[in-house]
């Protein structure tokens with residue numbers, strides 16, 4: 307089991323093309339931890355903004371009566387992928403991992419696989 311800091315560092319160094327990663331509480335919009343980012347990628351702003359995305363999708367699924375659980379949400383930009391992975395482990399309700407990737411260097415399928423693995427090992 308990895309702690310938050312170790313898990314975020316693993317995502318940043320172990321996932322090809324990573325630009326930044328955060329653990330986010332979507333009830334408050336607060337980033338509980340971040341690694342990477344920079345002047346072109348403010349992870350605290352991204353955490354707050356992506357909280358709105360998660361909340362909107364959860365509300366929409368409720369209105370549609372869908373009983374499935376969200377695995378992840380992908381936002382594809384011209385030069386980046388933004389991946390949101392909702393946490394499912396006990397004690398992690400209301401949390402998600404947010405990963406920004408450089409589209410030219412990232413392998414999206416591998417990034418999803420690796421992020422799922424990191425999420426499974428993360429101890430909150």
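Numbering (the numbering used here), first residue to last: 307 to 430.
Beta carbons: idealized from backbone N, C-alpha and C, even for Gly.
Own chain, CB closer than 8 Å to residue i, minus 5 neighbours either side, in chain order
i, result
"residue 385", "408, 409, 410"
"residue 374", "367"
Where the alpha helix (DSSP H) through residue i begins and ends
i, result
"residue 423", "414-427"
"residue 407", "Run containing residue 407: none in the alpha helix (DSSP H); it sits in the beta strand (DSSP E), 401-408."
"residue 317", "310-320"
Limits of the unbroken beta strand (DSSP E) element including residue i
i, result
"residue 326", "324-331"
Nonlocal neighbours in the same chain, by C-beta distance under 7 Å from residue i, ignoring five residues either side
i, result
"residue 398", "430"
*Do the region 376-396 and the region 418-426 make contact, defined as three or more Cβ pairs closer than 8 Å?*
They touch, by the three-pair rule.
*asked:* Quick check on the DSSP output: what are the complete beta strand (DSSP E) runs of length 3 or more inside the region 336-394, in order along the chain?
replied: As far as the region 336-394 is concerned, its whole beta strand (DSSP E) runs of at least 3 residues are 336-342, 378-382, 386-392.
*Contact the region 320-331 vs the region 345-354: 3+ CB pairs below 8 Å*: Output reads yes: the region 345-354 touches the region 320-331.
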